[in-house]
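Visitor: Provided herewith is a single structure, encoded as C-alpha cells, for subsequent inquiry.
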Amino acid sequence: MLKDSGKEAAAALRKENVMRKINLYEAENKAMRTALEDIRARVREIKYHHTKPRTRRHGNTTHLCEDIESRIEQALKG
Numbered sequence: 048m049l050k051d052s053g054k055e056a057a058a059a060l061r062k063e064n065v066m067r068k069i070n071l072y073e074a075e076n077k078a079m080r081t082a083l084e085d086i087r088a089r090v091r092e093i094k095y096h097h098t099k100p101r102t103r104r105h106g107n108t109t110h111l112c113e114d115i116e117s118r119i120e121q122a123l124k125g
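Just so we're on the same page, my numbering is the position in the sequence shown counted from 1, plus 47.
Here it is in C-alpha cells:
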C-alpha cells in the first residue's frame, strides 16, 4: 500500500514538473511569436512607407537587415 502511494506521489511530481516546463515553453513561444509579429510589422513599415523611388531601392537592404537582426536579438534577450 505504501509503495503504491509513493509511486503515485512520484508520478504526480513528474506530471507537475512536465506541466511547469510546458507552461514555460508556451510563454517563451508566445514571446517569440509577438517578437516575430513586431518584426513583420516593422518590415512592412520600412518596405511600404519609408522607401525611396523605385529607381533607387537597391541600397535599403543592408539597413533593413540590421534592423531585423537587432530586433531578433532584443526579443531573444527579453
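In this text, a Cβ means the ideal position worked out from N, Cα and C, and glycines have one as well.
Compute the distance between the beta-carbons of Ile115 and Val90, then report whether it is under 8 angstroms.
Guide: Indexing the sequence shown from 1 puts residue 115 at position 68. Indexing the sequence shown from 1 puts residue 90 at position 43. Closer than 8 angstroms, so yes.
Visitor: Would you kindly work out how many angstroms separate the C-alpha atoms of Met48 and Lys54, rounded to a whole number?
Guide: One-based indexing of the sequence shown puts residue 48 at position 1. One-based indexing of the sequence shown puts residue 54 at position 7. For Met48, the predicted structure reports a pLDDT of 45, less than 50, and the residue's modelled location is therefore unreliable. A value from the coordinates is still provided. When rounded, the distance between both Cα atoms is 10 angstroms.
Visitor: Could you check the C-alpha separation between Glu113 and Lys62 for me, to the nearest Å?
Guide: Residue numbering aside, residue 113 sits at position 66 when the sequence shown is read from its first letter. Residue numbering aside, residue 62 sits at position 15 when the sequence shown is read from its first letter. About 43 angstroms.
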